[in-house]
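Undergrad:
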Amino acid sequence: MATSSRLDARIPQGSLEDKWKKYKSSVPLVNPANKRNIEVIVVGTGLAGASAAATLAEMGYKVKAFCFQDSPRRAHSIAAQGGINAAKNYQNDGDSVHRLFYDTIKGGDYRSREANVHRLAEVSGNIIDQCVAQGVPFAREYGGLLSNRSFGGVQVQRTFYAAGQTGQQLLLGAYSGLQRQVGMGTIAMYNRHEMLDVVKIDGKCRGIIARNLITGELERHSAHAVLLCTGGYGNVFYLSTNAMGSNVTAAWKAHKRGAFFANPCFTQIHPTCIPVSGEHQSKLTLMSESLRNDGRIWVPKKQNDTRPGNEIPEEERDYYLERRYPAFGNLVPRDIASRAAKERCDAGYGVGSSKLAVFLDFSAAFHRYGQGEANKNNITNASEAQILEWGKAVVKEKYGNLFDMYKQITGEDPYEVPMRIYPAVHYTMGGLWVDYNLMTTVPGLYSLGEANFSDHGANRLGASALMQGLADGYFVIPITVGAYLAGEIRTGKISTDHEAFVQTEKEVKDRIEKLISIKGNTSPELFHRRLGKIMWDKCGMARNEKGLKEAIVEIRALREEFWKDVKVMGKIGDFNPELDKANRVADFIELGELMCIDALTRNESCGGHFREEYQTEEGEALRDDENFMFVSAWEHIATEKWELHKEDLVYDNIKIAQRSYK
Amino acid sequence: MSAGNMRLTLKVWRQSNTDTQGGFENYNLDGVSPDMSFLEMFDILNEQLIEENKEPVAFDHDCREGICGMCSMFINGQPHGPLKGVTTCQLHMRSFQDGDTITVEPWRAAGFPVIKDLVVNRDGFDRIISAGGFVSVNTGNAQDANSLPIAKENADDAFAAAACIGCGACVAACKNASAMLFVSAKISQLALLPQGQAERSIRAEKMVAQMDAEGFGNCTNTHACSAECPKEISFENIARMNREYLGAKVSSKAV
Numbered sequence: 001m002a003t004s005s006r007l008d009a010r011i012p013q014g015s016l017e018d019k020w021k022k023y024k025s026s027v028p029l030v031n032p033a034n035k036r037n038i039e040v041i042v043v044g045t046g047l048a049g050a051s052a053a054a055t056l057a058e059m060g061y062k063v064k065a066f067c068f069q070d071s072p073r074r075a076h077s078i079a080a081q082g083g084i085n086a087a088k089n090y091q092n093d094g095d096s097v098h099r100l101f102y103d104t105i106k107g108g109d110y111r112s113r114e115a116n117v118h119r120l121a122e123v124s125g126n127i128i129d130q131c132v133a134q135g136v137p138f139a140r141e142y143g144g145l146l147s148n149r150s151f152g153g154v155q156v157q158r159t160f161y162a163a164g165q166t167g168q169q170l171l172l173g174a175y176s177g178l179q180r181q182v183g184m185g186t187i188a189m190y191n192r193h194e195m196l197d198v199v200k201i202d203g204k205c206r207g208i209i210a211r212n213l214i215t216g217e218l219e220r221h222s223a224h225a226v227l228l229c230t231g232g233y234g235n236v237f238y239l240s241t242n243a244m245g246s247n248v249t250a251a252w253k254a255h256k257r258g259a260f261f262a263n264p265c266f267t268q269i270h271p272t273c274i275p276v277s278g279e280h281q282s283k284l285t286l287m288s289e290s291l292r293n294d295g296r297i298w299v300p301k302k303q304n305d306t307r308p309g310n311e312i313p314e315e316e317r318d319y320y321l322e323r324r325y326p327a328f329g330n331l332v333p334r335d336i337a338s339r340a341a342k343e344r345c346d347a348g349y350g351v352g353s354s355k356l357a358v359f360l361d362f363s364a365a366f367h368r369y370g371q372g373e374a375n376k377n378n379i380t381n382a383s384e385a386q387i388l389e390w391g392k393a394v395v396k397e398k399y400g401n402l403f404d405m406y407k408q409i410t411g412e413d414p415y416e417v418p419m420r421i422y423p424a425v426h427y428t429m430g431g432l433w434v435d436y437n438l439m440t441t442v443p444g445l446y447s448l449g450e451a452n453f454s455d456h457g458a459n460r461l462g463a464s465a466l467m468q469g470l471a472d473g474y475f476v477i478p479i480t481v482g483a484y485l486a487g488e489i490r491t492g493k494i495s496t497d498h499e500a501f502v503q504t505e506k507e508v509k510d511r512i513e514k515l516i517s518i519k520g521n522t523s524p525e526l527f528h529r530r531l532g533k534i535m536w537d538k539c540g541m542a543r544n545e546k547g548l549k550e551a552i553v554e555i556r557a558l559r560e561e562f563w564k565d566v567k568v569m570g571k572i573g574d575f576n577p578e579l580d581k582a583n584r585v586a587d588f589i590e591l592g593e594l595m596c597i598d599a600l601t602r603n604e605s606c607g608g609h610f611r612e613e614y615q616t617e618e619g620e621a622l623r624d625d626e627n628f629m630f631v632s633a634w635e636h637i638a639t640e641k642w643e644l645h646k647e648d649l650v651y652d653n654i655k656i657a658q659r660s661y662k
Numbered sequence: 001m002s003a004g005n006m007r008l009t010l011k012v013w014r015q016s017n018t019d020t021q022g023g024f025e026n027y028n029l030d031g032v033s034p035d036m037s038f039l040e041m042f043d044i045l046n047e048q049l050i051e052e053n054k055e056p057v058a059f060d061h062d063c064r065e066g067i068c069g070m071c072s073m074f075i076n077g078q079p080h081g082p083l084k085g086v087t088t089c090q091l092h093m094r095s096f097q098d099g100d101t102i103t104v105e106p107w108r109a110a111g112f113p114v115i116k117d118l119v120v121n122r123d124g125f126d127r128i129i130s131a132g133g134f135v136s137v138n139t140g141n142a143q144d145a146n147s148l149p150i151a152k153e154n155a156d157d158a159f160a161a162a163a164c165i166g167c168g169a170c171v172a173a174c175k176n177a178s179a180m181l182f183v184s185a186k187i188s189q190l191a192l193l194p195q196g197q198a199e200r201s202i203r204a205e206k207m208v209a210q211m212d213a214e215g216f217g218n219c220t221n222t223h224a225c226s227a228e229c230p231k232e233i234s235f236e237n238i239a240r241m242n243r244e245y246l247g248a249k250v251s252s253k254a255v
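Listed in order, the protein sequences are those of chains E and D.
Position 248 of the first sequence, counting from 1, maps to 248 under full-length UniProt numbering, and the rest follow consecutively.
Position 91 of the second sequence, counting from 1, maps to 91 under full-length UniProt numbering, and the rest follow consecutively.
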């Protein structure tokens with residue numbers, strides 16, 4: 001096997017520990033006077049986009065930032081709950097850059113790139129420094145120093161957090177940096193704008209076509225480089241923990257203009273979400289992985305047990321994660337925890353009215369923390385009720401907002417009865433293929449954060465998405481983009497009157513007009529639901545050859561039906577959310593097909609990609625390193641036609657092993 | 001589509017754009033389940049409207065888990081509806097009765113012009129943050145995160161203020177359309193932390209000046225803002241902001 005000649009990852013030479021250091025000191029620079037004449041477009045204002053836009057503007061580049069929401073502060077990074085990893089080793093528990101690197105590669109089931117992941121681990125500590133300096137109010141201990149907790153797949157405490165709102169606090173930090181530059185006039189902010197295409201001139205990315213979502217007007221914006229920080233594509237499943245507006249459109253347009261799409265089938269199903277309650281459901285809500293620090297997951301030992309959780313005695317409970325994985329217990333990685341829940345429910349041990357749920361139970365934690373409070377206050381004769389009360393107060397301080405959220409959604413009080421949880425689509429490890437510089441296969445077009453594929457392999461560890469988004473935006477792209485822009489100092493201002501802009505805008509306009517003129521019978525929402533059902537049933541937590549082949553046929557039929565029968569109300573030159581949605585659903589349908597093709601091609605199980613044909617006797621994912629230790633990078637050729645390019649994954653520093661959390 | 005059996009009458013504000021006059025329209029809706037969120041109920045209304053070849057109601061929403069701050073309905077006279085400490089997207093139909101008539105309006109404030117139906121323009125909030133809601137620290141300048149201990153109490157108070165989601169319910173709830181709870185939450189967060197000290201005075205001056213320039217009203221201490229705030233941001237922040245602002249003005253060199 002050899003890496004395709006079309007894929008050059010541009011990984012610097014030298015030892016793993018020295019690559020980034022050497023690269024930084026030898027990468028070409030752009031002098032301050034030239035930076036003022038170089039324009040960079042940033043699409044998306046989540047952690048990756050906001051941090052990149054702010055930092056590039058601080059450095060002197062002229063930045064334009066775009067988001068489809070009404071404010072950059074709304075990007076879906078805001079909803080990340082549990083925390084952000086960093087190899088600070090503040091807890092003196094043996095953490096190090098190497099250990100974070102190793103955990104991430106192993107957690108990704110040996111399907112990510114060593115050099116990128118090591119760089120991520122190297123800059124992780126700087127992220128925490130930067131955020132604290134911005135006034136991000138991380139949780140602290142009584143001594144005034146930062147507090148840490150554990151996340152799945154890890155045996156150290158390296159996760160920094162701000163109650164259950166870490167993403168919110170980090171994003172507001174990056175957003176404040178962005179708004180500061182907006183105030184200084186170095187960033188032009190375009191909110192309620194959606195990128196609808198990439199403009200290429202002589203093979204290079206030279207700008208975008210965006211739609212003003214208030215007026216419906218199409219706009220041309222030119223730049224010397226374009227950064228897509230547009231998040232993941234989990235909403236292809238319709239139901240996911242993503243925001244309603246999260247979409248693949250920007251990345252998909254880039255893909256159709258020549259950017260390869262990598263590992264699209266690597267999706268993360270998060271084990272702890274609030275179960276689906278009915279057909280009306282529009283999205284799923286996560287219960288942070290941090291809850292697995294203190295909550296214990298179980299199902300009844302008896303099948304079809306309908307008793308409420310708090311009435312099932314201890315000896316009749318099966319703490320199946322602790323049983324199967326004694327070394328990591330409730331803190332196994334997400335893919336493993338999700339599959340284990342599915343296995344129990346499929347075998348008839350599920351709870352709740354749908355039987356598609358397991359318990360996440362805090363009664364042991366209430367007791368443990370309550371006893372701790374009693375000990376702290378030298379109270380030896382406390383009643384059980386008092387102890388529970390104190391324990392609940394401690395848990396409330398740690399996870400109060402999550403408990404409240406659970407209660408609002410389900411109508412049940414998790415302080416009294418165990419939570420019911422079930423896996424749900426949460427994150428996509430796949431994304432646009434990028435090299436070490438985060439550049440896609442289109443020169444001048446970059447992809448950062450969840451939108452790219454680079455760091456998490458086949459499964460992302462908890463609290464690593466925030467780390468990657470901010471690493472890419474604050475510390476990686478500001479350096480690596482210089483390697484390209486140093487060659488652009490003589491380019492000068494790029495005219496939006498160029499034929500390529502005119503032509504691309506026309507194509508976008510034609511498509512919008514087509515969408516609105518079909519006047520069929522089915523709303524975009526209903527098409528989206530149907531796509532989601534196909535994807536969840538046949539390309540979800542478990543996949544097999546037969547199902548994937550069926551899915552591809554069904555999705556192709558759905559696409560044809562969509563373009564004949566979609567019903568888009570409203571006008572083009574107006575604020576029209578239905579039109580926005582139709583545009584996004586059309587792209588999701590095409591992506592869904594590619595995801596199934598990718599899943600069908602990868603004849604192994606790894607991380608979040610579980611092919612039922614490839615499992616160990618104990619039901620664990622069975623990798624095939626000999627034949628599949630590569631990144632699948634798909635080139636779009638035509639409708640229903642892609643070409644696969646492979647990037648070999650070379651592990652010089654890590655010993656490949658069967659992933660074990662037993 | 002749903003197993004629910006609640007029947008509702010919705011009285012919804014419809015307005016084509018900023019420059020036209022709006023008005024209420026009544027809609028009857030059947031089959032609402034108590035487990036639906038308020039916005040899922042609106043999804044069903046919109047699907048019904050599409051089926052009838054009518055234009056769906058435009059409303060802002062995104063995360064649907066109470067954190068992005070994008071949803072913004074004024075429900076039966078209360079921003080985000082009747083429950084305390086929740087956003088509209090977290091409000092569930094079990095908070096209503098079968099047969100209810102529910103009135104839904106956009107945020108109403110001079111600083112938040114209506115874009116369409118229930119959608120308003122909250123750009124003013126971004127401009128207030130741009131005026132001073134930050135610590136001027138360029139990427140790469142930071143010292144080690146643990147080099148500066150912060151008393152847990154201050155860190156916790158700063159966090160409580162920083163929990164603001166910028167939805168604008170405070171403005172909508174206030175009879176003066178004052179944005180003081182929003183502005184004071186950011187001023188408080190940064191005034192409570194050592195990182196915010198260097199720009200403490202200028203921040204208070206500039207943010208307040210921008211708040212006034214945006215056309216938001218003044219505070220007359222009715223506390224409606226914090227009573228309606230989905231994140232229960234404390235009214236104390238306004239008192240702190242007033243102290244910060246006064247202190248800043250006394251020694252002002254700018255603004």
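Every residue gets a Cβ at the ideal spot worked out from N, C-alpha and C, and that includes glycine.
Does Asn31(E) pass the burial test, meaning 16 or more other C-beta atoms within 10 Å, or should it be called exposed?
TA: That one is exposed.
Undergrad: Just mark Glu635(E) as buried or exposed, buried being the case when its beta carbon has 16 or more other beta carbons within 10 Å.
TA: Buried is the call here.
Undergrad: Between which two residues does the beta strand (DSSP E) holding Asp62(D) run?
TA: No beta strand (DSSP E) contains Asp62(D), which DSSP labels as neither H nor E.
Undergrad: For the stretch 354 to 369 of chain E and the stretch 180 to 194 of chain E, state whether three or more C-beta atom pairs, one from each stretch, are separated by less than 8 Å.
TA: Contact fails: fewer than three Cβ-Cβ distances are below 8 Å.
Undergrad: Candidates Thr159(E), Ile214(E) and Leu218(E): which alpha carbon is nearest residue 663(E)'s?
TA: In this structure chain E extends from 1 to 662, so residue 663(E) is not present and cannot be described.
Undergrad: With H, G and I counted as helix, E and B as strand and the rest as coil, what does DSSP make of Phe68(E)?
TA: Phe68(E): coil per DSSP, three-state reduction.
Undergrad: Can you check DSSP and say which residues form a bridge with Met189(E)?
TA: Partner(s): Ala65(E).
Undergrad: Consult DSSP for Ile50(D) and reduce its assignment to one of helix, strand or coil.
TA: Here Ile50(D) sits in helix by DSSP.
Undergrad: Whether or not the stretch 247 to 260 of chain E and the stretch 411 to 420 of chain E are in contact is what I'm after, with contact meaning three or more pairs of Cβ atoms, one per stretch, closer than 8 Å; do they touch?
TA: Too few Cβ pairs lie closer than 8 Å, so no.
Undergrad: Ignore the nearest five residues each way along the sequence and tell me which others in Ala465(E)'s own chain have a CB closer than 7 Å to its CB.
TA: Correct list, in chain order: Ala80, Tyr427 and Glu450.
Undergrad: Would you mind reading off the limits of the beta strand (DSSP E) that contains Asp30(D)?
TA: Residues Gly23 to Val32.
Undergrad: Near Lys342(E), which residues of its chain fall below 8 Å by C-beta distance, leaving aside the five closest residues on each side in sequence?
TA: Closer than 8 Å at Cβ, skipping near neighbours: Pro423, Met541 and Ala542.
Undergrad: Around the Cβ of Glu105(D), are there at least 16 other Cβ atoms within 10 angstroms (buried) or fewer (exposed)?
TA: The residue is buried, with at least 16 neighbouring Cβ atoms inside 10 Å.
Undergrad: Residue range of the beta strand (DSSP E) that residue 687(E) falls in?
TA: It is not possible to answer for residue 687(E), since the shown part of chain E is limited to 1 through 662.
Undergrad: In chain D, which residues lie less than 8 Å from Met405(E) when you measure between Cβ atoms?
TA: Under the 8 Å cutoff, chain D gives Glu65, Gly66 and Gln90.
Undergrad: Is Phe328(E) closer than 8 Å to Gly608(E) when the C-beta atoms are compared?
TA: Contact: no.
Undergrad: Which value, in whole angstroms, describes the spacing of the CA atoms of Asp62(D) and Arg113(E)?
TA: Rounded to the nearest angstrom, the two C-alpha atoms are 33 Å apart.
Undergrad: Is any beta-carbon of chain D found at less than 8 Å from that of Trp20(E)?
TA: No, because no Cβ of chain D sits closer than 8 Å to the Cβ of Trp20(E).
Undergrad: Tell me, which residues are paired with Phe630(E) by DSSP?
TA: Beta-bridge pairing links Phe630(E) to Asp648(E).
Undergrad: Please list the terminal residues of the continuous alpha helix (DSSP H) segment that includes Ala133(E).
TA: Here the alpha helix (DSSP H) through Ala133(E) covers Glu114 to Gln134.
Undergrad: Applying the criterion that 16 or more other CB atoms from any shown protein chain within 10 Å of the CB defines a buried residue, is Asp346(E) buried or exposed?
TA: So Asp346(E) counts as exposed.
Undergrad: Going by CA-CA distance only, name the one from Leu485(E), Leu432(E) and Arg559(E) that's closest to Cys229(E).
TA: For the residues Leu485(E), Leu432(E) and Arg559(E), the minimum Cα distance to Cys229(E) belongs to Leu432(E).
Undergrad: Consult DSSP for Pro478(E) and reduce its assignment to one of helix, strand or coil.
TA: Three-state DSSP puts Pro478(E) in a helix.
Undergrad: Examine chain E for any beta-carbon lying closer than 8 Å to the beta-carbon of Gln189(D), and answer yes or no.
TA: Yes, Gln189(D) lies at the interface with chain E (some Cβ there is under 8 Å from its Cβ).
Undergrad: Quick one, are the C-beta atoms of Thr285(E) and Glu65(D) less than 8 Å apart?
TA: Taking 8 Å as the Cβ cut-off, Thr285(E) and Glu65(D) qualify as a contacting pair.
Undergrad: Verify whether the separation of the beta carbon atoms of Cys170(D) and Ala179(D) is less than 8 Å.
TA: Yes; because the gap between Cβ atoms is below 8 Å, this pair is in contact.
Undergrad: Alpha carbons only, please: which of Cys89(D), Asp35(D) and Val12(D) is nearest the one belonging to Gly278(E)?
TA: Of the candidates Cys89(D), Asp35(D) and Val12(D), the one whose C-alpha sits nearest the C-alpha of Gly278(E) is Asp35(D).
Undergrad: What does Asp70(E) touch in chain D if you count any residue whose Cβ is under 7 Å from its own?
TA: Correct list: Asp60, Met70 and Arg122.
Undergrad: For Met244(E), which residues in chain D fall below 7 Å Cβ to Cβ?
TA: Here the neighbours are His61, Asp62 and Arg64.
Undergrad: At which residues does the alpha helix (DSSP H) containing Leu56(E) begin and terminate?
TA: From DSSP, the alpha helix (DSSP H) with Leu56(E) extends over Leu47 to Met59.
Undergrad: Which of helix, strand or coil does DSSP assign to Lys204(E)?
TA: In the structure shown, Lys204(E) sits in a strand (DSSP, three-state: E or B).
Undergrad: Suppose contacts are defined by Cβ-Cβ distances below 8 Å. Is Gln134(E) in contact with Gly177(E) by that definition?
TA: Against a cut-off of 8 Å, the Cβ pair of Gly177(E) and Gln134(E) comes out as a contact.
Undergrad: Which chain D residues sit within Cβ distance under 7 Å of Asp580(E)?
TA: Residues of chain D passing the Cβ test: none, with the nearest at roughly 11 Å.
Undergrad: Give the single residue among Pro12(E), Ser96(E), Leu402(E) and Ile78(E) whose Cα lies nearest to the Cα of residue 663(E).
TA: As shown, chain E starts at 1 and ends at 662. That puts residue 663(E) outside it, with no answer to give.
Undergrad: For the alpha helix (DSSP H) that contains Val183(D), what are its first and last residues?
TA: Looking at the DSSP string, the run of the alpha helix (DSSP H) that includes Val183(D) is Met180 to Ala191.
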